[in-house]
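The listed protein sequences correspond, in order, to chains P and U.
Going by my numbering, the first residue of the first sequence is number 3, and it counts up by one from there.
Going by my numbering, the first residue of the second sequence is number 1130, and it counts up by one from there.
Here is the structure we will look at.
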Amino acid sequence: MCLGIPGRVIAISDVDGVRMGKVDFDGIVKDVCLSYLPDIQVGDYTIVHVGFAITQLDEQSAKETLALFHELGMLEEELRQDDEEATA
Amino acid sequence: MKYLDEFRNPEVAARLLEEIRRVITRPWAIMEVCGGQTHSIIRNGIDQLLPPEIELIHGPGCPVCVTPLEIIDKALAIAARPEVTFCSFGDMLRVPGSNSDLFQVKSSGGDVRIVYSPLDAVRLAQQRPDREVVFFGIGFETTAPANAMAVVQAERLGLTNFSMLVSHVLVPPAISAIMESPRNRVQAFLAAGHVCSVMGTWQYGPLVERYGVPIVVTGFEPLDILEGIRRAVTQLEAGRAELENAYPRAVRPEGNQPAQAVLEQVFEVTDRTWRGIGMIPQSGWRLRERYRRFDAEARFEVGHINTAESPLCRSGEVLQGLLKPNQCPAFGKQCTPRTPLGATMVSSEGACAAYYQYGRFIPAGDVEVAR
Chain P
3 MCLGIPGRVI AISDVDGVRM GKVDFDGIVK DVCLSYLPDI QVGDYTIVHV
53 GFAITQLDEQ SAKETLALFH ELGMLEEELR QDDEEATA
Chain U
1130 MKYLDEFRNP EVAARLLEEI RRVITRPWAI MEVCGGQTHS IIRNGIDQLL
1180 PPEIELIHGP GCPVCVTPLE IIDKALAIAA RPEVTFCSFG DMLRVPGSNS
1230 DLFQVKSSGG DVRIVYSPLD AVRLAQQRPD REVVFFGIGF ETTAPANAMA
1280 VVQAERLGLT NFSMLVSHVL VPPAISAIME SPRNRVQAFL AAGHVCSVMG
1330 TWQYGPLVER YGVPIVVTGF EPLDILEGIR RAVTQLEAGR AELENAYPRA
1380 VRPEGNQPAQ AVLEQVFEVT DRTWRGIGMI PQSGWRLRER YRRFDAEARF
1430 EVGHINTAES PLCRSGEVLQ GLLKPNQCPA FGKQCTPRTP LGATMVSSEG
1480 ACAAYYQYGR FIPAGDVEVA R
């Protein structure tokens, strides 16, 4: 879980006073807490860990990392695991 | 994927390896602190591509692996209570306690849930005021900000049915403990990139100075790890000990300051026992007095618990870099991911699980690494 998948912020909202967002991981969209990146905007890339955006990433680095994770099957592995965890 | 041409960018990988081979003149032992890095190394066969002079020692940076048995047993006791809905990250469910694990509690009727984020547990507490919702708050500095925010949010929402079983551990005191051990062989560290995304790199300078050990902040992709090793070896060969950031795209020296502020607000430093290693002074976080009412240990009075580790399990030596997983007599025999004896075989970040998953069954040598 420490790999931290980069994703693109596609929406930002306030949920119960917490800055939340929707983040797109190469086609899979998840709800993510954006409280620790108060300046991040829609369109920016971030690394997400246990549902929290922890650091911002430039677009090129994010796309390269995503392509590699995709190629190695790690993206599907990580996100499927998340889905299984969330629904188990 | 142990062949160079399978790397996404084989030319860069070849260049890094060539540079490492060019500068290396003698054996060096380098520890990758983070279990995520261990998995990347084994999965990509990086250890097999490196010159034989380099030994990678797998560090204790797997939160599931180092959560002490006593805390696991407390989690089992709390999760078994009829009024409790116990929430955890998925990895923790199969970690063996003294006599059971969370899966067994769940199959015996316990309300045990796997969540993706600690905020999911807070939401559950909001939706179910009739239940005591307990979240298992483990992890290093990367995970702690999420858990801290869950406590802040529970307070903001005025929840009285949410609590957390806290067992957070910190990387810098672990590096100190490794360097101060009389059995230490580590000569350089690859620091965990995402821990530093949160905490920054400022905590590592004093360690470099105190122990004269190079520390290179490193990412998780194969090329990140090769670059981290290249920088560590270059320093070692030149007789230098410096802090270097080889992961600047995700790590700033100051780290994530909003996250650090919430961590400071919610947690205070405490002594912490690490499974397989023992007590490391000032190596963990616990809830501050202001948030103590969210402490599950106090709320459910799980005081003294007698623990019992499997006598066959040698994960403590694996966690300290004293034994490679495939040098353990039980590895792949009595101990597999389906029947794990210890946490290093359970966790997706554990060194034993990495060796098993990627087929490293051949013992690395007849002689244990450092006995």
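The C-beta atom is built at its ideal place from N, Cα and C for all residues, glycine as well.
The structure displayed is predicted, hence computed values, not measured ones.
Looking at the DSSP output, serine 1296/U bridges to Ile1267/U. Counting only unbroken stretches of 3 or more residues, the beta strand (DSSP E) elements lying wholly within the segment 1292 to 1348 of chain U are 1317 to 1321 and 1344 to 1347, in sequence order. For glutamate 1350/U, a Cβ of chain P is located within less than 8 Å of the residue's own Cβ. Under the Cβ criterion (8 Å, minimum of three pairs), the segment 1181 to 1199 of chain U counts as touching the segment 1153 to 1165 of chain U.
Just measuring C-alpha positions, the residue of Gly1190/U, Val1262/U and Asp1176/U sitting nearest alanine 1209/U is Val1262/U. At least one CB atom of chain P sits nearer than 8 Å to the CB of alanine 1379/U. With a threshold of 8 Å between beta carbons, asparagine 1374/U makes no contact with chain P.
For glutamate 73/P, the C-beta contacts it makes with chain U under 7 Å involve Arg1137, in order along the chain.
Under the Cβ criterion of 8 Å, arginine 1285/U is counted among the residues facing chain P.
At least one beta carbon of chain P lies nearer than 8 Å to the beta carbon of leucine 1248/U. In this chain, the alpha helix (DSSP H) harbouring glutamine 1394/U covers 1386 to 1395. For valine 1327/U, the chain P residues whose Cβ falls inside 7 Å of its Cβ are Ile56, in order along the chain. Note that the C-beta distance between arginine 1285/U and glycine 19/P is below 8 Å.
Judged by DSSP in its simplified three-state form, threonine 1465/U adopts coil rather than helix or strand. Any Cβ of chain U closer than 8 Å to the Cβ of aspartate 26/P would place that residue at the interface, and such an atom is absent.
In terms of beta-carbon proximity, valine 52/P lines the interface with chain U, with at least one pair separated by less than 8 Å. The criterion of a C-beta distance shorter than 8 Å is not satisfied by alanine 1317/U and alanine 1375/U. If you look at methionine 1278/U, you'll find it in the alpha helix (DSSP H) that goes 1273 to 1285.
Proximity of chain U to isoleucine 49/P at the Cβ level (cut-off 8 Å) is accounted for by His1323, Ser1326 and Ala1379, in chain order. The Cβ atoms of tryptophan 1414/U and histidine 1323/U do not sit closer than 8 Å to each other.
In the structure shown, the three-state DSSP call for asparagine 1455/U is helix. Taken in chain order, the members of the segment 1154 to 1167 of chain U whose beta-carbon sits within less than 9 Å of a beta-carbon on chain P are Cys1163, Gly1164, Gly1165 and Gln1166. Nearest CB-CB separation between proline 1225/U and chain P: not below the 8 Å threshold. Residues of chain P whose Cβ lies closer than 9 Å to the Cβ of methionine 1278/U are, in chain order, Val20, Cys35, Ser37, Tyr38 and Phe54. Collapsing the DSSP output to three states places arginine 1419/U in a helix. Taking C-beta atoms under 8 Å as the contact rule, isoleucine 1243/U and glycine 1219/U qualify, at a distance of about 4 Å.
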